[in-house]
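In the order they appear, the protein sequences are chains E and R.
Residue 209 in the working numbering sits at position 160 of the first sequence, with consecutive numbering throughout.
Residue 383 in the working numbering sits at position 376 of the second sequence, with consecutive numbering throughout.
Even glycine gets a Cβ: it sits at the ideal position worked out from N, Cα and C.
Here the structure is a predicted model, which means the values were calculated and not measured.
To start, the structure under review is shown below, and the notes come after it.
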Amino acid sequence: MTMIKTKDLHKKYELGKGNHVHALRGVDMDIDKGEMVAIMGPSGSGKSTAMHLIGCLDKPDSGEVYIDGNRVDNQYNGTLTRIRSREIGFIFQGFNLIPTMTAVENVALAAEYAGASKRDAHDAAKKAIEQVGLKDRMYHRPSELSGGQQQRVAIARAIVNKPGVILGDEPTGDLDTATSHEIMDMMRDINITTGTTFVLVTHNPEVAEACDRTIRMRDGEVIDDGRESKPESRDLDDELMEVGG
Amino acid sequence: MRIIRNVFRRKLRAVLTISGIMIGVFALIVMGAMAEKITLLVDGGLKWTGDKVTVSAGDGAMGGFSTNPLSVDKVNEIEKVDGVAEASANITMLLSEKQSAMTMGMPPMIAGGDGRGKDYESFKVRYIDGREVKPADRGKVTVGADLANKLNAKVGKEVTIRGEKFEVVGLMEKTLTAPDSSVYVSLYDAQRLFHKGMPDMVRGRVNPDTMATGITVFIKKGYNPEKVAENINKEVIGVKATGPKVFKEQIGNSTKIFTSIIFGIALISLLVGGLSVVNTMTMAVTERTREIGIRKAIGASNHAIIRQFLSESAVIALTGGIVGLGFGSLFVLMANAGNTGTPLFLLTIRLMGGSLGFALFLGILSGLYPAWHAAKMNPVAALRHE
Ligand SMILES: Nc1ncnc2c1ncn2[C@@H]1O[C@H](COP(=O)(O)OP(=O)(O)OP(=O)(O)O)[C@@H](O)[C@H]1O
Ligand SMILES: [Mg+2]
Numbered sequence: 050m051t052m053i054k055t056k057d058l059h060k061k062y063e064l065g066k067g068n069h070v071h072a073l074r075g076v077d078m079d080i081d082k083g084e085m086v087a088i089m090g091p092s093g094s095g096k097s098t099a100m101h102l103i104g105c106l107d108k109p110d111s112g113e114v115y116i117d118g119n120r121v122d123n124q125y126n127g128t129l130t131r132i133r134s135r136e137i138g139f140i141f142q143g144f145n146l147i148p149t150m151t152a153v154e155n156v157a158l159a160a161e162y163a164g165a166s167k168r169d170a171h172d173a174a175k176k177a178i179e180q181v182g183l184k185d186r187m188y189h190r191p192s193e194l195s196g197g198q199q200q201r202v203a204i205a206r207a208i209v210n211k212p213g214v215i216l217g218d219e220p221t222g223d224l225d226t227a228t229s230h231e232i233m234d235m236m237r238d239i240n241i242t243t244g245t246t247f248v249l250v251t252h253n254p255e256v257a258e259a260c261d262r263t264i265r266m267r268d269g270e271v272i273d274d275g276r277e278s279k280p281e282s283r284d285l286d287d288e289l290m291e292v293g294g
Numbered sequence: 008m009r010i011i012r013n014v015f016r017r018k019l020r021a022v023l024t025i026s027g028i029m030i031g032v033f034a035l036i037v038m039g040a041m042a043e044k045i046t047l048l049v050d051g052g053l054k055w056t057g058d059k060v061t062v063s064a065g066d067g068a069m070g071g072f073s074t075n076p077l078s079v080d081k082v083n084e085i086e087k088v089d090g091v092a093e094a095s096a097n098i099t100m101l102l103s104e105k106q107s108a109m110t111m112g113m114p115p116m117i118a119g120g121d122g123r124g125k126d127y128e129s130f131k132v133r134y135i136d137g138r139e140v141k142p143a144d145r146g147k148v149t150v151g152a153d154l155a156n157k158l159n160a161k162v163g164k165e166v167t168i169r170g171e172k173f174e175v176v177g178l179m180e181k182t183l184t185a186p187d188s189s190v191y192v193s194l195y196d197a198q199r200l201f202h203k204g205m206p207d208m209v210r211g212r213v214n215p216d217t218m219a220t221g222i223t224v225f226i227k228k229g230y231n232p233e234k235v236a237e238n239i240n241k242e243v244i245g246v247k248a249t250g251p252k253v254f255k256e257q258i259g260n261s262t263k264i265f266t267s268i269i270f271g272i273a274l275i276s277l278l279v280g281g282l283s284v285v286n287t288m289t290m291a292v293t294e295r296t297r298e299i300g301i302r303k304a305i306g307a308s309n310h311a312i313i314r315q316f317l318s319e320s321a322v323i324a325l326t327g328g329i330v331g332l333g334f335g336s337l338f339v340l341m342a343n344a345g346n347t348g349t350p351l352f353l354l355t356i357r358l359m360g361g362s363l364g365f366a367l368f369l370g371i372l373s374g375l376y377p378a379w380h381a382a383k384m385n386p387v388a389a390l391r392h393e
């Protein structure tokens with residue numbers, strides 16, 4: 050079952066005076082439900098841009114994006130906001146959390162944005178915090194937490210609404226190797242126990258190693274989708290999927 | 008709580024911005040309390056003239072002398088007119104015999120009345136010391152608040168008025184109107200003083216006992232004073248009756264202008280405070296661009312972003328408003344307590360509520376643009392911001 054599918058995504062950024070960057074030049078991706086996929090590639094190759102389009106943070110100039118079989122790139126902004134809050138969890142690199150809020154408040158915020166009452170949001174946030182092993186740091190502000198602990202809070206925030214997809218843009222980028230492993234293990238654990246699909250943009254080969262497969266990008270294109278071999282039947286399957294969904 | 012923490016993220020800036028609103032509300036409370044007091048006094052004055060008709064000598068009716076007095080006899084004639092409850096003869100004249108050079112405000116006056124119509128009078132003057140002058144008094148005077156110092160008047164002591172000695176029997180409280188710059192004597196004494204000051208040629212022909220410069224007419228309940236004034240003009244010869252309308256319009260207009268100026272000054276200072284809120288919120292939005300990007304990424308709707316920044320500016324304004332209201336009220340109460348005479352300020356619920364409400368309104372208004380600016384940010388661009 051396909052969870053995320055992109056077709057021929059193009060994205061240009063205007064730099065003014067007729068200059069522009071062609072960030073994506075026809076990106077096709079296909080990620081199964083429950084898969085944990087790494088996206089690697091040189092700086093500027095369009096990894097973040099592609100992730101933002103999958104995450105409904107931006108719209109492509111052309112091409113299509115499907116989440117769980119539903120086309121999302123042509124939806125209204127309000128719909129995209131709702132999809133972001135319920136279907137997708139984000140983990141970014143560093144400065145992820147709101148500095149004036151405690152760990153549990155940061156997590157609860159995502160639940161509130163998804164429509165939960167303050168009390169329900171708090172309860173769900175507590176549970177998520179416990180799940181990432183930060184029960185004793187629940188009422189600490191981000192400035193009182195280590196980088197690894199902050200990233201765990203970000204993971205708790207990403208899972209609090211039980212989304213189908215979690216997107217990480219260099220989630221271990223600021224962490225040392227040991228902490229990086231810790232975070233990676235935690236995400237892998239969530240991936241296996243909940244079946245949540247993970248897409249992680251990373252420069253770290255060890256992170257990619259821990260994933261099911263690695264999609265490689267260069268100059269706005271996917272140069273390797275990481276599947277060992279590409280059976281002919283797969284394409285056919287996808288064609289059928291689209292007609293059906 | 009979260010909102011307050013966000014507001015105080017930059018403590019000094021928050022305190023400065025709140026101070027801006029605080030000063031504005033402080034000014035609005037203090038100056039507004041002054042305006043409220045004036046409005047109250049004028050409203051009192053308007054009520055007073057509201058049901059009264061003033062009668063002066065008819066033009067040229069008695070040979071064309073402008074100083075020609077009315078006759079006290081007219082009081083009886085006027086009281087026969089339908090709608091008149093009671094009429095009171097009085098004499099008013101300048102305190103100094105010589106027309107003094109330009110003076111600021113109202114010139115000092117001498118007034119004497121026959122004491123009639125008291126039950127109908129709504130404008131009550133209070134006394135710091137002593138009592139009011141009675142119709143039967145001879146050589147007794149009460150002194151208005153502004154003249155007490157000038158004449159060095161104390162109850163029981165003598166003052167000299169137009170060359171005559173008078174014993175002070177009362178000192179009036181400040182009213183912020185005409186009585187402050189007047190001395191009051193009995194009608195009898197006023198008639199003598201007026202008679203003495205008349206040109207020799209005329210003086211012999213008039214009897215001081217019947218003289219009056221004006222008659223105040225109190226109207227019965229349910230009658231239109233303008234109508235009654237008309238009837239007096241028709242039925243009583245040699246007098247000119249004026250209804251309260253003319254008065255009212257004059258007084259009403261000038262106080263409106265005055266209170267507008269006072270409120271205007273206070274509102275400007277509050278607006279300046281509001282601008283500093285705009286400035287602070289705009290800076291906060293810029294500084295927190297990445298935070299806005301993250302909020303949007305985790306599912307904040309544009310409404311949620313707008314609501315957040317509006318609440319922050321509302322909290323700033325409300326905090327400033329409450330502190331300003333506190334200091335302003337304290338100042339007004341202390342100023343009133345420190346002032347012997349009539350209080351200068353009047354703190355009303357509508358002023359306090361209005362000031363706070365306006366500060367809050369201004370806070371929300373000031374937050375609108377920054378909040379909208381934050382909400383319409385592109386989440387990707389905001390996330391790339393460092
Ligand atoms: N908002 C933007 N305005 C202009 N150019 C942009 C914008 N966002 C991305 N770009 C450009 O698009 C290209 C792809 O950017 P993107 O951030 O997707 O790269 P990346 O693969 O994530 O790189 P990195 O590994 O450094 O994060 C780059 O050349 C970048 O400069
Ligand atoms: Mg990137």
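- prompt: Between R:T249 and R:I272, what straight-line distance do the alpha-carbon atoms span, to the nearest angstrom?
  reply: 37 angstroms
query: Out of R:A64, R:L340, R:I135 and R:T289, which has the shortest C-alpha to C-alpha gap to R:F316?
result: R:T289
field: R:V37 beta carbon less than 8 angstroms from that of R:G360
entry: no
task: Just the chain R side, please: which residues come within less than 8 angstroms of E:F247 by C-beta, in chain order?
output: Result: empty, since nearest Cβ-Cβ is about 16 angstroms, beyond 8 angstroms.
message: I want to check one thing, is the minimum distance from the CB of E:D169 to the heavy atoms of ligand 2 below 7 angstroms?
response: no
field: Where the beta strand (DSSP E) containing E:T246 begins and where it ends
entry: T246 to V250
query: Does the beta carbon of E:S166 sit closer than 8 angstroms to a beta carbon anywhere in chain R?
result: no
message: As a quick check of your reading: which residues have a C-beta less than 5 angstroms from at least one non-hydrogen atom of ligand 1, in chain order?
response: E:Y62, E:V70, E:A72, E:S92, E:G93, E:S94, E:G95, E:K96, E:S97 and E:T98
- prompt: Closest by CA to R:F225, which one among R:G259, R:K263 and R:I85?
  reply: R:I85
- request: Let me know if R:S373 comes out buried or exposed under the rule of 16 or more other beta-carbons within 10 Å of its beta-carbon.
  value: buried
query: For ligand 2, is there a heavy atom less than 7 angstroms away from the beta-carbon of E:V76?
result: no
- request: Say whether chain R places a C-beta atom closer than 8 angstroms to the C-beta of E:S192.
  value: no
query: E:T130 versus chain R: which residues are under 8 angstroms apart at the beta carbon?
result: K303, G306, A307, S308 and N309
message: Tell me whether the region 187 to 205 of chain E and the region 225 to 235 of chain E touch, counting them as touching only if at least three CB pairs, one residue from each stretch, are closer than 8 angstroms.
response: yes
DSSP-derived helix/strand/coil call for E:Y62: strand
query: Under a Cβ-count criterion, where at least 16 other Cβ atoms within 10 Å of its own Cβ denotes burial, should E:E219 be classed as buried or exposed?
result: buried
message: Measuring only the C-alpha atoms, how far is R:P386 from E:D117?
response: 23 angstroms
- request: Check each candidate in E:G127, E:T55, E:R135 and E:H69 and name the one with the smallest Cα separation from E:A337.
  value: With chain E represented from 50 up to 294, any question about residue 337 of chain E goes unanswered, as that position is not in the structure.
field: Span of the beta strand (DSSP E), counted from its first residue to its last, around R:S95
entry: V91 to L101
message: Could you tell me the alpha carbon to alpha carbon distance between R:K227 and R:K87, rounded to whole angstroms?
response: 12 angstroms
- prompt: Quick one: is the Cβ of E:D238 within less than 7 angstroms of any heavy atom of ligand 2?
  reply: no
message: Beta carbons nearer than 9 angstroms to chain E: which residues of the region 310 to 326 of chain R have them?
response: A311
query: Per the contact definition of three or more C-beta pairs closer than 8 angstroms, is the region 191 to 202 of chain R in contact with the region 138 to 151 of chain R?
result: yes
task: Give the DSSP-derived three-state secondary structure of R:T220 in the structure shown.
output: coil
- prompt: For E:V70, which of helix, strand or coil comes out of DSSP?
  reply: strand
- prompt: Looking only at C-alpha atoms, which of R:I10, R:T61 and R:I312 sits nearest to R:K408?
  reply: With chain R covering only 8 through 393, there is no way to say anything about residue 408 of chain R.
Residue environment, R:T74, which counts as buried when at least 16 other CB atoms sit within 10 Å: Note on R:T74: pLDDT 49, under 50, position unreliable in the model; the coordinate value appears next. With fewer than 16 other Cβ atoms within 10 Å, it is exposed.
Burial state of E:D122 (16 or more Cβ within 10 Å): buried
field: Where R:E43 falls, given that 16 or more other Cβ within 10 Å makes a residue buried
entry: buried
task: Compare the C-beta of R:R16 against all C-beta atoms of chain E and say whether one is closer than 8 angstroms.
output: yes
Closest residue to E:D110 among E:D81, E:L183, E:A72 and E:K60 (Cα-Cα distance): E:K60
message: Please report the distance separating the alpha-carbon of E:I178 from that of E:T263.
response: 29 angstroms
message: Please report the straight-line C-alpha distance between E:I239 and E:V209, rounded to a whole angstrom.
response: 12 angstroms
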